[in-house]
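Numbering (the numbering used here), first residue to last: 793 to 878. C-beta atoms are modelled at their ideal positions from N, C-alpha and C, and glycine is treated no differently. Notes follow the structure.
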Amino acid sequence: MNNAQEELLIILMEECAEVAQECSKILRFGNDHDKLEKELGDLQCIIDMMHHRDMVSFNNIFDAADAKYHKLKDFSTHLFPNSNEE
Ligand SMILES: [Mg+2]
Numbered sequence: 793m794n795n796a797q798e799e800l801l802i803i804l805m806e807e808c809a810e811v812a813q814e815c816s817k818i819l820r821f822g823n824d825h826d827k828l829e830k831e832l833g834d835l836q837c838i839i840d841m842m843h844h845r846d847m848v849s850f851n852n853i854f855d856a857a858d859a860k861y862h863k864l865k866d867f868s869t870h871l872f873p874n875s876n877e878e
């Protein structure tokens, strides 16, 4: 692993933590979503840079996102209240 890849992993960890922090602040203090969007943008930037350096694949990420969506559809009654109705 080279220095750039190592730095991207470190920043990825930091940005994930900042996204989690903004989620917590919305729940605790009712903050607006501007800061969350800013941190999600930061996170997206790092994902894009990791893709550019072949550390991750967008195709694999999209496949994982699709699988997650279907998993949530199976068990989340809040997100998909009518999905189990016949
Ligand atoms: Mg950030």
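Residue i versus residue j - alpha carbon distance
i: R845; j: D866; result: 35 Å
i: K860; j: I818; result: 23 Å
i: L801; j: C815; result: 21 Å
i: M841; j: S849; result: 11 Å
i: S811; j: G833; result: Residue identity differs from the one stated: residue 811 is Val in this sequence, not Ser. Roughly 10 Å between the two C-alpha positions.
i: R820; j: S875; result: 30 Å
i: E829; j: N823; result: 12 Å
Close-in-space but distant-in-sequence residues of the same chain around residue i (CB under 6 Å, 5 per side omitted)
i: I803; result: I838
Closest Cα partner of residue i within the set the options
i: N794; options: C808, L864, L871 and M847; result: M847
i: Q836; options: E806, G822, K863 and T869; result: E806
i: A796; options: K827, F821 and H843; result: H843
Same chain only: Cβ atoms within 8 Å of residue i, ignoring 5 sequence neighbours per side
i: H825; result: I818
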